[in-house]
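**Student:**
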Amino acid sequence: MNEIIQCLSAFVGCLGFTFIFRIHKNIKFACVGSIVGTLGWVIYLATQFLDNIFIQSFIAMLCVALIAEMMARHYKAPATIFIIIGCFPLVPGSGIYYTMLYAVQGLNNLFAESFLSTIGISISIALAILISSTTLQVYKIIKTKNYAKIE
Numbered sequence: 001m002n003e004i005i006q007c008l009s010a011f012v013g014c015l016g017f018t019f020i021f022r023i024h025k026n027i028k029f030a031c032v033g034s035i036v037g038t039l040g041w042v043i044y045l046a047t048q049f050l051d052n053i054f055i056q057s058f059i060a061m062l063c064v065a066l067i068a069e070m071m072a073r074h075y076k077a078p079a080t081i082f083i084i085i086g087c088f089p090l091v092p093g094s095g096i097y098y099t100m101l102y103a104v105q106g107l108n109n110l111f112a113e114s115f116l117s118t119i120g121i122s123i124s125i126a127l128a129i130l131i132s133s134t135t136l137q138v139y140k141i142i143k144t145k146n147y148a149k150i151e
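Each residue of the sequence shown is one higher than the last, beginning at 1 in the UniProt record's numbering.
1. Compute the distance between the beta-carbons of I53 and I121, then report whether it is under 8 angstroms.
2. Considering only their Cβ atoms, is the gap separating S34 from L15 smaller than 8 angstroms?
3. On the criterion of 16 or more Cβ atoms from any shown chain inside 10 Å, does Q56 qualify as buried, or is it exposed?
4. Taking only beta-carbon atoms, is M70 less than 8 angstroms away from chain C?
5. Quick one: what does DSSP say G106 is sitting in, helix, strand or coil?
6. Could you tell me the alpha carbon to alpha carbon distance between L101 and I142, rounded to whole angstroms?
7. Do V64 and G40 have their C-beta atoms within less than 8 angstroms of each other?
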């Protein structure tokens, strides 16, 4: 039951961020982006057996980025719309908060541990986006057999 509430919260949270980025004007993009974010959270929860938050974040964000790229092609829209909205459930917000809290309180050991964990998750997320985007660009070049055009 807890996982269902988390997934519904992920959807509502993503939908809320569409208002900040003014994506709500196109409700189809807002809903699809929120569903992509929810799927990312479902994948994150499904990979809990790995017991490694960095790998969980990487796998979930890789799936989010790939699905976002597919949705961008389908709807003829920028993939950034779906990636930005889809990544919000995976962003280590509590890690950032506690890192700053420990830094302000002068708890150096807790600060270092929280900082390294937060940076690791952030790198996992960024690496997943980089790999998916690059892979799809290489696939597109190979598919069109336009090897001379490397952007």
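Even for Gly, the Cβ is constructed at its ideal location relative to N, Cα and C.
Being a predicted model, the structure only gives us computed values, none of them experimental.
**Tutor:** The answer reads as follows:
1. In this structure, I121 lies closer than 8 angstroms to I53 by Cβ.
2. Yes, the Cβ-Cβ distance between L15 and S34 is below 8 angstroms.
3. Within 10 angstroms of the beta-carbon of Q56 lie 16 or more other beta-carbons, which makes it buried.
4. Here there is only one protein chain, and chain C is not present.
5. DSSP, reduced to helix, strand and coil, places G106 outside both helices and strands of the structure shown, so it counts as coil.
6. A direct Cα-to-Cα measurement between L101 and I142 gives close to 48 angstroms.
7. Less than 8 angstroms separates the beta-carbon of V64 from that of G40.
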